Amino acid sequence: MCAQKGEEDPAPHLSKDEKIELIRGLTAEMGIVKTFLPRSKKALELNADGTWDQAEWKVIGREYGPVARVGDEVQITKVDLSKNKITFQINGGLNTRGKWYERIEGGMGSGNRGVPLSRGITRSAGTTIALHFPDRVPPMTAQEVKKLLAPVLDFNKRSATENYFDNLPPEIQEAIKAKRAEVGMTRDQVEMAIGRPRDRIRETVDGEDLEDWIYGMPPGKITFVTFAGNKVTRVQDHYAGLGGSVAPPLKSPQ
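First residue of the sequence shown: 7, per our numbering; consecutive thereafter.
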């Protein structure tokens with residue numbers, strides 16, 4: 007039976023937290039070029055079904071050439087999300103002119119012609135890819151987005167996050183796998199283990215700057231992860247009742 011007018015469910019869309027996680031999960035990731043990828047001022051259009059105008063990309067490439075050869079590694083340096091597309095800056099994007107201050111010339115006096123003060127500065131020679139969706143960007147993970155980029159970039163090589171994880175001490179790796187924050191972890195490691203906090207509170211105690219990351223909502227378990235600088239100094243679990251009041255931590259079974 008058809009739904010009555012005005013009762014149709016809206017198309018699913020990304021929440022604010024999902025957008026943050028997508029940007030975080032894709033920025034700085036490395037991929038291997040699988041096809042001709044031109045440098046371009048304008049974003050190269052890639053459809054979510056894996057198709058693109060290959061002839062147009064070749065025409066664009068005649069002006070500035072390719073970003074890299076097929077088989078070379080490139081990096082996602084920036085990610086932007088809009089209603090129906092995800093835009094990826096690759097290798098810093100394309101900058102042919104540089105900044106205004108890079109074009110300032112310095113002279114030697116006596117009518118000598120000036121030379122750019124920025125001579126020797128390397129312009130970024132990357133590109134931009136816009137991944138288009140038919141209606142809007144649906145809820146999805148960074149891994150799912152990588153699969154959509156697979157016709158152009160191969161991310162099967164170890165990611166920056168995976169390489170970072172492999173170099174962590176065994177006890178930290180174990181805690182992250184168990185989704186548990188522990189004393190001695192850094193902020194990045196805590197986010198890998200239990201995600202971003204719902205709230206943060208800063209305070210100064212005896213001259214020391216502390217920051218509490220708060221996880222969970224009442225009723226149920228609420229976790230406080232306390233940082234001094236970039237290191238966890240304390241992890242406390244409390245249990246809030248239906249009224250929202252926080253009870254002391256439960257004792258461990260003997």
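Built from N, CA and C at the ideal position, the CB exists for glycine as well. Please read these numbers as outputs of a predicted model, since none were measured by experiment.
Going by the DSSP bridge assignment, what does A184 pair with across the sheet? None, per the DSSP bridge assignment.
When the Cα atoms are used, what is the spatial distance from L87 to Y221? When the Cα atoms are used, L87 and Y221 turn out to be separated by approximately 26 Å.
In whole angstroms, what is the alpha-carbon distance linking I92 and D55? A direct Cα-Cα distance of roughly 14 Å separates I92 from D55.
Excluding five sequence neighbours on each side, which residues of the same chain lie with their C-beta closer than 7 Å to the C-beta of A234? Counting only Cβ-Cβ distances below 7 Å, and skipping sequence neighbours, we find E214 and L216.
Pull up the distance between the alpha-carbon of L20 and that of V85, whole angstroms please. Cα to Cα, L20 sits roughly 15 Å from V85.
Rounding to the nearest angstrom, what Cα-Cα distance links R75 and D172 in this structure? Taking the straight line joining both Cα atoms gives about 29 Å.
Going by C-alpha distance, which of A34, D243 and S46 is nearest T133? T133 has its Cα closest to that of S46, out of A34, D243 and S46.
Kindly indicate which residue of D212, R202, V231 and K237 has the alpha-carbon position closest to the one of K22. Per the C-alpha coordinates, the member of D212, R202, V231 and K237 positioned closest to K22 is R202.
Since I believe K64 is in contact with F42 (beta carbons under 8 Å), could you give me their beta-carbon distance rounded to a whole number of angstroms? Between the beta-carbon of F42 and that of K64 there is about 6 Å, and that keeps the pair under the 8 Å contact cut.
With G31 and A148 assumed to form a contact (beta carbons below 8 Å), what rounded beta-carbon distance in angstroms separates them? A Cβ-Cβ separation of about 3 Å places G31 in contact with A148 under the 8 Å criterion.
For I228, write down the residues that DSSP places opposite it in a beta bridge. Beta-bridge pairing by DSSP links I228 to H244.
Pair within 7 Å by beta-carbon distance, V143 and V80: At the C-beta level, V143 and V80 stay beyond 7 Å of one another.
Integer-rounded CB distance, given that T83 should sit under 8 Å from G71: Not a contact, Cβ separation roughly 19 Å.
Can you tell me the Cβ-Cβ gap for I207 and D218, rounded? I've got them flagged as a contact below 8 Å. Taking C-beta atoms under 8 Å as the contact rule, I207 and D218 qualify, at a distance of about 5 Å.
Please state if the CB of V241 and the CB of V196 are separated by a distance shorter than 7 Å. Contact flag unset, no.
For D205, which option in M223, M191, K48 and E62 has the closest C-alpha, if you only look at C-alpha atoms? Per the C-alpha coordinates, the member of M223, M191, K48 and E62 positioned closest to D205 is M223.
Does DSSP put R202 in a helix, in a strand, or in coil? Three-state DSSP puts R202 in coil, outside helix and strand.
In whole angstroms, what is the alpha-carbon distance linking G77 and K227? Distance between the alpha carbons of G77 and K227 is about 48 Å.
Do L50 and I135 come within 7 Å of each other at the CB atom, strictly closer than that value? The criterion of a C-beta distance shorter than 7 Å is satisfied by I135 and L50.
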